[in-house]
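According to this note's numbering, the sequence shown is numbered sequentially starting from 116.
Just so it is clear, CB atoms sit at the ideal spot from N, CA and C, and this is done for glycine as well.
Let me begin by presenting the structure, written as structure tokens, before commenting on it.
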Amino acid sequence: MSAKIIAVANHKGGCGKTTTVVHLASELAAMSHRVLVIDLDPQANASLHIGIQHPSEISVTTAELLLGDITLLTEALQEETQIENVSLIYGSLSLGKAEDQLKEEAPRPSEELTIKLELLKDLYDFILIDCPPSLKLLTSNALASATHVIIPIESGSQYGLYGVTDLLNHLEKIKRINPQLKLLGALLLRHDERQNVCKLIRDEAIQQVGKILDTTIPQSTKVNQAAILQQPLYKLDKNSKVRKAFEKLALEVIAKT
Ligand SMILES: Nc1ncnc2c1ncn2[C@@H]1O[C@H](COP(=O)(O)OP(=O)(O)OP(=O)(O)O)[C@@H](O)[C@H]1O
Ligand SMILES: [Mg+2]
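Shown next as structure tokens:
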């Protein structure tokens, strides 16, 4: 079966995109699914977490892949990472420049990733794309190639939904080139149902986004620890609340895609 391609997108910075990609990927892989992470963010945070090498040492990252020929794919694809059964196409700082160049040179600037992913669809069950905090071409490439999109929302912040209408409008535009794109829903991170601000954000998210995932992710210092140690949450503490939440998210994603 062809891979489910899930873009994790929100132009609001720091809302939990990378965290969602890394831990959803590791939980899906722990359930024996074949998983590929594609890092489309110049900050390369997902690559720093799950990569074995530093992104600056990688000669073919998503930047070169987007601009170059499809034959670069074999070099771009790294099957060995810090997380078992998760492959990675690294991101790097050069993505910023690549985005400008794509805009000037590519005949269909939003569809370069779609072309490059065609050959990978049969090799993986899930392809997760980490987007940068912007709505420009890199995010458009992710959304144009995806079958599904998750919108992470920082639940503990009263500004968590700021800008979400722009994102939804952008999704509608992308649907003209990718009509199959489905919204899986908003995902509330740092969510605590006992806090009023979280309850408010939940209600607002249902209103504004239209759909939220049943699973919510609690706040936990283990998230930062996992990133520093370059580990999946199940290796840190497999029974922790936050790990269980990502495990539940993986099951929900499997059921809904
Ligand atoms: N549930 C959580 N509990 C505690 N800390 C969290 C949680 N989710 C994310 N964080 C922390 O919040 C910060 C931002 O998260 P993350 O990097 O996933 O956001 P992002 O949307 O990818 O950011 P950017 O827009 O810069 O790419 C990180 O330091 C991360 O470790
Ligand atoms: Mg990120």
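(1) In its own chain, which residues sit with a C-beta less than 7 Å from the C-beta of S162, not counting the 5 before and 5 after it?
(2) Distance check for K127 and G278, CA to CA, integer angstroms please.
(3) Specify, as a first and last residue, the run of the beta strand (DSSP E) that V175 falls within.
(4) Out of A140, K314, A365, which one is the CA nearest neighbour of H196?
(5) I'd like to know if the region 141 to 150 and the region 254 to 265 are in contact, where contact means that at least 3 CB-CB pairs between them fall below 8 Å.
(6) Take L208 as the anchor and find which of L188, K236, E172, C313 has the nearest alpha-carbon.
(7) Does the separation of the CB atoms of P248 and L304 fall below 8 Å?
(8) With respect to 7 Å, is the separation between the Cβ of R305 and the closest non-hydrogen atom of ligand 1 below this value?
(9) To the nearest angstrom, how far is it from the Cα of S335 to the Cα of A221?
(10) Determine the direct distance from the alpha carbon of R309 to that of E226, and round the result to whole angstroms.
(11) What are the boundary residues of the beta strand (DSSP E) that K119 is part of?
(12) Between L366 and the rest of its own chain, which residues show a CB-CB distance below 7 Å, the 5 nearest in sequence each way excluded?
Inspection of the coordinates gives the following:
(1) D154, P170, L203, Y205, G206
(2) 7 Å
(3) No beta strand (DSSP E) holds V175; DSSP gives it neither H nor E.
(4) The amino acid occupying residue 196 in the given sequence is Thr; His does not appear at that position. Cα-wise, what sits closest to T196 is A140.
(5) no
(6) E172
(7) no
(8) yes
(9) 42 Å
(10) 43 Å
(11) 119 to 123
(12) none
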